[in-house]
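For the sequence shown, my numbering assigns the number 20 to the initial residue and increments by one for each residue that follows.
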Amino acid sequence: MLGLGTIINFLAIIAGALIGTLLGDRLKNKTRDLVTDALGLVTLLIAGLSVIDITNPKLTESLGSGIGVLIILAALIVGGILGSYWKLEDRFENIGKKLKKSLR
């Protein structure tokens, strides 16, 4: 079964997308850029905190010192290849356009 954190994350993404679709055009470009920059910085912070977990001594003792970075690299490469193959970005963009039309 999905964890509560996964469900909350999914709902937060949907809510954020809907709010962005509804209010995005009404905000000034400067405000939109500020929100995008803030979200990017939070994402970097979360990534940085996750890197700390990868360098955990217990993990490096059991798996080796470089395995955490290799796992992340492999996940990014496989995810990027599959996302390109399945054209996920185009599909999500089309969904956003359809939502925007239906919500106006």
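Just so you know, even glycine gets a beta-carbon here, dropped at the ideal spot from N, CA and C.
My output table needs one value for residue i: the three-state DSSP class, helix, strand or coil.
i, result
"LYS106", "coil"
"LEU23", "helix"
"THR74", "coil"
"LYS47", "coil"
"GLY99", "helix"
Out of the options, state which residue places its alpha-carbon closest to the alpha-carbon of residue i.
i, options, result
"GLY85", "VAL54, VAL70 and ILE27", "VAL70"
"ILE91", "ILE73, SER81, GLY24 and LEU41", "ILE73"
At a threshold of 6 Å, does residue i count as lining the ligand MG (C-beta to nearest heavy atom)?
i, result
"ASN113", "In the structure shown, the ligand MG is absent, as is every other ligand, since no ligand is present at all."
Q.
Closer than 8 Å is the cut-off here; do at least three beta carbon pairs connect the stretch 32 to 41 with the stretch 110 to 120?
A. yes
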